[in-house]
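What follows is a single structure, written as structure tokens, with notes after it.
Numbering (my numbering), first residue to last: 1271 to 1596.
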């Protein structure tokens, strides 16, 4: 009986503060029979790599998988519906205190060489530093005054690519507090991916045009639309009309220019992104670059661009072409 390979996620239905669902990536190998019956398998959490044996049973379209610890005690159960190229269901702990949605996608066995996610000290970021150093440089203080390393969340981990996120909170008592989300997407070489390098040279302008379209939607949603907002914008942008009762025509144009996407703004936002299974998500952290008292009017948003719109622009053999081709 030939083993079938899957990779996918246990999905925590609780959404984190950035609106991202917490995904727990796993790798699974199952000896599913063509007819109903019992079979064996294994799985492991990609962050740990420790193999967990599975005892399985197939009844029609239903797959039941039972896991046990080293002492033979049942620790959890998967119940899946078998579909053409995926398994869809739930995982429940033996005592019923934990439950996750579970989804597994059929993949080639060769993908297993990328399955285990390297430790932070093996993930190289732009500039040559490693994620472990980045985390240690951004220690957070908990409620008891103890310094802790920021928790890294995995957004996606498939086909040798992993998108990671961690959050830091800036500010102190009596000052402006701000949560900053740091996103990194690492390729099969364990190095951070540079988005521009993933685009074919002949398609870069077309790719940027798509990004510009999505960016303008966000800018239009955030631009000032009434006199009070215009007054605040003039003040934050240090324009002459900030000290006047009315905004001059020249300053109105200057304000609107800040909310108009251009090549410079596109280049500025391309460095921070993450991936979902179906989209490239470009993260905007403080687009207007205004002073602290004006941060409430700054733009913190995301451009979620479906791969169906941009897949054709990825360079042959690039990380993103491989990831987006399904």
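Backbone N, C-alpha and C fix where the C-beta goes; we use that ideal spot for every residue, glycine too.
Which of helix, strand or coil DSSP assigns to residue i
i, result
"residue 1431", "strand"
"residue 1507", "coil"
"residue 1514", "coil"
"residue 1589", "helix"
"residue 1353", "coil"
"residue 1468", "helix"
"residue 1404", "helix"
"residue 1409", "coil"
"residue 1557", "coil"
"residue 1438", "strand"
"residue 1272", "coil"
"residue 1380", "helix"
Limits of the beta strand (DSSP E) - the one that residue i falls within
i, result
"residue 1532", "First-last for residue 1532: undefined, no H or E at that position."
"residue 1324", "1322–1329"
"residue 1373", "1369–1377"
"residue 1332", "1332–1338"
Member of the options whose CA lies at the smallest distance from the CA of residue i
i, options, result
"residue 1595", "1337, 1496, 1503, 1377", "1377"
"residue 1410", "1423, 1437, 1394", "1437"
"residue 1417", "1425, 1424, 1406", "1406"
"residue 1328", "1302, 1295, 1316, 1385", "1302"
"residue 1387", "1488, 1586, 1318", "1318"
Inter-residue Cα distance where the pair is residue i and residue j
i, j, result
"residue 1368", "residue 1308", "26 Å"
"residue 1502", "residue 1526", "13 Å"
"residue 1553", "residue 1464", "14 Å"
"residue 1316", "residue 1456", "14 Å"
"residue 1335", "residue 1344", "11 Å"
"residue 1543", "residue 1551", "5 Å"
Same chain, Cβ closer than 6 Å to residue i, neighbours up to 5 away in sequence not counted
i, result
"residue 1590", "1468, 1584"
"residue 1593", "1429, 1431"
"residue 1512", "1504, 1505"
Beta-carbon proximity list for residue i, same chain, < 7 Å, skipping 5 on both sides
i, result
"residue 1312", "1299, 1321, 1322, 1323, 1324"
"residue 1576", "1548, 1549"
Extent of the continuous alpha helix (DSSP H) to which residue i belongs
i, result
"residue 1579", "1577–1580"
"residue 1484", "1474–1492"
Close-in-space but distant-in-sequence residues of the same chain around residue i (CB under 8 Å, 5 per side omitted)
i, result
"residue 1555", "1450, 1451, 1542, 1570"
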